[in-house]
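K.L.:
Take any residue in the sequence shown, note its place counting from 1, add 348, and you have its number in my numbering. Have a look at the structure that comes next, please.
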Amino acid sequence: MNQVMSSGQRVTFEYHMTAYIFTVNQVIMKGQENSGDVERGMISNDTSFIFEAANTSSIKFVNQHEAASSNVLRDDFNPQSLGIGGLGEQFAYICRRALLSRFVPLQMFHKLGINHVKGLLLYGPPGTGKTLMANQIGKILNGKEPKVVRGPDIVSEMIGKTEKNIRDLFADAENDQRKHGDQSKHHVIIFDEIDAICKVKY
Ligand SMILES: Nc1ncnc2c1ncn2[C@@H]1O[C@H](COP(=O)(O)OP(=O)(O)OP(=O)(O)O)[C@@H](O)[C@H]1O
């Protein structure tokens, strides 16, 4: 407790007669996740640790998701400041349906056979706050900056280009998932005016 740790610092310790070394990869201050790299931080009661084994190591970490899942929502999240009027019921439904599973500890998550909701389709009359709500949900999640794309902007007349544009949008998230698995940060992609790319075929 109260120990200061810096990015890049190597720490040796002994556990059950075996010596271990870990390197501090990244220091993140709660509530300032998007403000770039922090050089050092002090360990407090609220500090969470996420360990990753080196590729060459035979050590396997389990339940790392539990540490990460407590960080689903940004700490500075304040529902009143979202500026969404009159959609409390819809907002609560989205949080229950799409976000709740992210707080379930990994062990229980697998035992219960839960699947995360990965997509949401907001529909309704024009100008009623669908885009606003999607943007605000993206902002309160503690992850990567949401990517916002307008359907018409990714449609191309060149054969195969639209499909490539869509694949490219998901590339970062897929790479992160391959690299970090359950510890991957949340990626949010918001398609505005999705009807431009998902037309009904007759
Ligand atoms: N419930 C709401 N609370 C606060 N502002 C709102 C609300 N609904 C709409 N607005 C405001 O009205 C404007 C249009 O809203 P928005 O773009 O979110 O609507 P939309 O449902 O996505 O419309 P469209 O279907 O035409 O894309 C925005 O400036 C938005 O901030």
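Note that CB positions come from ideal geometry on N, CA and C, so glycine has one too. No experiment lies behind these values; they were computed from the predicted model shown.
1) Give the single residue among S429, R445, R450, G436 whose Cα lies nearest to the Cα of S532.
2) So G389 is in the beta strand (DSSP E); what residue range does that whole segment cover?
3) What are the partner residues of K495, as DSSP defines its beta bridges?
4) Report yes if the CB atom of A544 is closer than 7 Å to the CB atom of V497, and no otherwise.
5) Check whether the Cβ atoms of A482 and I537 sit closer than 7 Å, and answer yes or no.
6) Can you name, in chain order, every residue of its own chain whose Cβ lies under 8 Å from the Cβ of L541, other than the five neighbours on each side?
7) Within the chosen definition, does the segment 438-452 reach the segment 387-407 through at least 3 CB pairs nearer than 8 Å?
8) May I have the straight-line CA-CA distance separating L518 from V375, to the nearest angstrom?
9) To which residues does DSSP link A367 through a beta bridge?
10) Let's test the definition: count the other Cβ atoms within 10 Å of the Cβ of N490 and tell me whether it reaches 16, buried, or not, exposed.
11) Counting only the same chain and skipping the five closest in sequence on each side, list residues whose C-beta sits under 7 Å from that of L480.
12) Could you pull the DSSP bridge partners for S354 from this structure?
13) Mind checking which residues open and close the alpha helix (DSSP H) that includes G486?
14) Does the beta-carbon of H560 have 16 or more other beta-carbons within 10 angstroms, so that it is buried, or is it exposed?
15) Among M353, K512, A367, whose alpha-carbon lies nearest the alpha-carbon of G389?
16) Taking C-beta to C-beta, are E400 and S355 nearer than 7 Å?
17) Whose CA, out of R526, Y368, E522, lies closest to the CA of S406?
18) Tell me the rounded alpha-carbon separation between K487 and E493.
P.N.:
With the structure as the only source:
1) To locate residue 532, count along the sequence shown from 1; it is residue 184. Residue R450 is the option with its Cα nearest to S532.
2) The residue labelled residue 389 in the question sits at position 41 within the sequence shown. From DSSP, the beta strand (DSSP E) with G389 extends over 388-390.
3) For the purposes of this step, residue 495 is taken as the residue at position 147 of the sequence shown. Beta-bridge pairing links K495 to I537.
4) Against the sequence shown, residue 544 aligns to sequence position 196. Against the sequence shown, residue 497 aligns to sequence position 149. Cβ atoms of A544 and V497: not closer than 7 Å.
5) Within the sequence shown, numbered from 1, the residue matching residue 482 stands at position 134. Within the sequence shown, numbered from 1, the residue matching residue 537 stands at position 189. Their beta carbons are not under 7 Å apart, which means A482 does not touch I537 by this criterion.
6) Walking along the sequence shown from the start, residue 541 turns up at place 193. This sequence places Glu at residue 541; Leu is not what is there. Excluding residues within five positions, the ones whose Cβ falls inside 8 Å are R498, G499, P500.
7) no
8) Start at 1 with the first residue of the sequence shown, and residue 518 comes out as number 170. Start at 1 with the first residue of the sequence shown, and residue 375 comes out as number 27. The amino acid occupying residue 518 in the given sequence is Phe; Leu does not appear at that position. The straight-line gap from Cα to Cα measures roughly 27 Å.
9) In the sequence shown, residue 367 corresponds to position 19, counting from 1. DSSP output for A367 lists E362 as bridge partner(s).
10) By one-based count along the sequence shown, residue 490 stands at place 142. Answer is buried; the Cβ neighbour count reaches 16.
11) The residue you call residue 480 lines up with position 132 of the sequence shown. Within the same chain, L480 has close Cβ partners I432.
12) Within the sequence shown, the letter at position 6 stands for residue 354. For S354, which the question treats as bridged, DSSP gives the partners R388.
13) In the sequence shown, counting from the first residue as 1, residue 486 sits at position 138. Here the alpha helix (DSSP H) through G486 covers 478-488.
14) Coverage of the chain is limited to positions 349 through 550, which leaves residue 560 absent and any answer about it impossible.
15) The residue you call residue 389 lines up with position 41 of the sequence shown. Per the Cα distances, M353.
16) For the purposes of this step, residue 400 is taken as residue 52 along the sequence shown, with counting starting at 1. For the purposes of this step, residue 355 is taken as residue 7 along the sequence shown, with counting starting at 1. For E400 and S355, no; Cβs fall outside 7 Å.
17) Reading the sequence shown from its first residue, position 58 is the one you call residue 406. Measuring from the Cα of S406, the nearest candidate turns out to be Y368.
18) To locate residue 487, count along the sequence shown from 1; it is residue 139. To locate residue 493, count along the sequence shown from 1; it is residue 145. C-alpha separation (whole angstroms): 7 Å.
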